[in-house]
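Novice: Under UniProt numbering, think of the first position of the sequence shown as 1, with each following residue one higher. Dropping the structure in here first, questions after.
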Amino acid sequence: MERQPRMYNTGADYALAIIGGKWKSVILYLLADHPRRTSELVKQLGTSYKVLSDQLREMSDAGLIIRKSFNTIPPHVEYRLTPEGENLYAAPSLFKLLG
């Protein structure tokens, strides 16, 4: 049986689906200031590398973050928000303005 794509009633439903989960909203918050390395995120979140990697991969697939690899010794990776991720991070601020 072929799996049907999930349909969303509103943009808010879609946004909540992509940032749902224990760590994604916190990751958005942490990346809003500046790009961060994986080790920084692990320390700040207090989670395992595996859990963090899964969350980062899902967020990257959703187009919220960009993974940048540096060809240095030792090699390292940084994550930063995409414009879509920045917009999603800014959305709750709009609710404050509405009261």
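By construction, the Cβ of each residue, glycine as well, lies at the ideal position given by its N, Cα and C atoms.
Assuming L30 contacts L41 (C-beta within less than 8 angstroms), just tell me the rounded distance between them.
Specialist: The Cβ separation is near 6 angstroms, so the contact holds.
Novice: With Y8 as the anchor, note down where its alpha helix (DSSP H) starts and where it stops.
Specialist: Element bounds for Y8: n/a, residue is neither H nor E.
Novice: When the Cα atoms are used, what is the spatial distance from I27 to A90?
Specialist: Rounded to the nearest angstrom, the two C-alpha atoms are 14 angstroms apart.
Novice: Can you give me the C-alpha to C-alpha distance between A32 and R80, rounded to a whole angstrom?
Specialist: The straight-line gap from Cα to Cα measures roughly 8 angstroms.
Novice: Roughly how many angstroms separate the alpha carbons of R66 and E86, rounded to a whole number?
Specialist: Looking at the sequence itself, residue 66 is Ile, so the reference to Arg does not match. Computed Cα separation, rounded: 12 angstroms.
Novice: Report the partner residues of S69 according to the DSSP bridge assignment.
Specialist: Its beta-bridge partners are V77.
Novice: Do R36 and E78 come within 8 angstroms of each other at the CB atom, strictly closer than that value?
Specialist: In this structure, R36 lies closer than 8 angstroms to E78 by Cβ.
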